[in-house]
Structures are given as structure tokens and as C-alpha cells.
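Structure first, then comments.
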Amino acid sequence: MDETAVKVGGKEGWIWVCYEPIQKAFLGLWFSWNRNSIVAEMILKELIKKYGKHPVYTDGASWYPEACKNLGLAHYIYKQEDWLCKVMERAVQYVKDRTESFDDYFPCRKKECRQQHIWSWIKIFFLHKQLEYLDIVKRLKGVITLS
Numbered sequence: 023m024d025e026t027a028v029k030v031g032g033k034e035g036w037i038w039v040c041y042e043p044i045q046k047a048f049l050g051l052w053f054s055w056n057r058n059s060i061v062a063e064m065i066l067k068e069l070i071k072k073y074g075k076h077p078v079y080t081d082g083a084s085w086y087p088e089a090c091k092n093l094g095l096a097h098y099i100y101k102q103e104d105w106l107c108k109v110m111e112r113a114v115q116y117v118k119d120r121t122e123s124f125d126d127y128f129p130c131r132k133k134e135c136r137q138q139h140i141w142s143w144i145k146i147f148f149l150h151k152q153l154e155y156l157d158i159v160k161r162l163k164g165v166i167t168l169s
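Counting along the sequence shown from 1, when you hit position 17 you're at 39 in the working numbering, and nothing is skipped either side.
Rendered as C-alpha cells:
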């Protein structure tokens, strides 16, 4: 799990990425205006509902240990030179670049924007990265090309 700052509508927000590097699967993507242990705990609760309790690997940011402790999760810190750190940073940068590009090309036109367009973008991006979705698309492509 990792988070990164993004500029959305001229404001700084945070994208939280939960990534499984062996299967190359995004387990969850979230957007928040804050970066603290309360947000981390809420995200981890959602992951527990979906996948059950599993160890959490992070870069060592101060909000993760408290969130994991409150939820009874094992917390491990990966080293900056580890392959896991490099893979996580690449996955996070991938999401960050696409989110900021989306906001550049499709900015909200409302005066008091609550960044709903970014939430929608993250949901669609997450859907398109799911293994089940990719499998369905692959099967549909096979059917369409055979017809």
C-alpha cells in the first residue's frame, strides 16, 4: 500500500494505491484530501471486507503502523532498494500520471467542484485493471474476431 500527492483542480489531494505485485493487480484505489492514520484505517477496513485480513507492506510512512495496529493487521516495511519498493512506486506513478492527465484534459467546470469527476475516473480506471474484466474483454475480442 502506498499513497501519492496529485494536483487536481489546482488543489493537492492524495491517491491511495493497494497493489498486489505478483499478480500485477490493483486491489484498491482511493482519493482523499488528507493523508493520515484515520484515512489509512478506513481504506484498510474496506480491503478487509473485500479480501480478508492479510499482512500490509508499506514504505514506512507514520500513519500505516497505527492503522494496522488498530485493525490487528501485520505491518511490514519494505526497504527503498527492495524490488517491492520499485514495483510499488511504478504502480503508484502509473495511477498518478493518468489521474493528473485526466484532470488536465477533463477539468471540472463547476465553481465549487468537489472533484466528483476524479472519483468517477478512479472507479473506471480500477474497473479496467481488474483481472475478471480483462478476462472478459479478452474472450469478447476472440468472439468478435472469429465472427
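Don't be surprised by glycine CBs; every beta carbon is placed ideally from N, CA and C.
Which residue's Cα is closest to the Cα of residue i: the options?
i      : options                          : result
Cys40  : Lys33, Glu68, Ile60 and Lys29    : Glu68
Tyr100 : Lys118, Ala47, Lys29 and Pro77   : Pro77
Glu134 : Trp55, Phe124, Asp125 and Gly31  : Gly31
Gly82  : Leu162, Asp24, Lys163 and Lys160 : Asp24
Asp104 : Ile146, Tyr79, Lys163 and Tyr73  : Tyr79
Glu63  : Asp125, Trp85, Lys29 and Gln137  : Trp85
Leu51  : Ile44, Arg161, Thr121 and Val159 : Thr121
Phe148 : His139, Phe48, Ala89 and Leu162  : Phe48
Trp143 : Ile37, Tyr98 and Phe124          : Phe124
Met110 : Trp38, Lys29, Arg131 and Lys163  : Trp38
Tyr73  : Val61, Ile60 and Glu42           : Glu42
DSSP puts residue i in a beta bridge; with which residues?
i     : result
Trp36 : Ala27 and Ser54
Phe48 : Tyr41
Val78 : His97
Quick one: what does DSSP say residue i is sitting in, helix, strand or coil?
i      : result
Glu103 : coil
Leu95  : coil
Ser169 : With a pLDDT of 49 at Ser169, under the threshold of 50, the modelled position of that residue is not reliable, and the figure given next carries that caveat. Looking at Ser169 - three-state DSSP - the assignment turns out to be coil, as it is neither helix nor strand.
Phe128 : coil
Glu134 : coil
Ser15  : This structure gives no information on residue 15, because the portion of the chain shown stretches from 23 to 169.
Ser84  : coil
Lys151 : coil
On the premise that residue j lies in contact with residue i, defined as a C-beta separation below 8 angstroms, what is that separation, rounded to the nearest angstrom?
i      : j      : result
Lys118 : Thr26  : 5 angstroms
Leu66  : Ala89  : 6 angstroms
Gly35  : Gln102 : About 25 angstroms; that fails the 8 angstroms criterion.
query = At a cut of 8 angstroms, does the region 54–64 reach the region 144–160 through at least three beta carbon pairs?
reply = no
request  = Specify whether the region 87–97 and the region 107–117 touch according to this definition: at least 3 beta carbon pairs, one from each stretch, less than 8 angstroms apart.
outcome  = no
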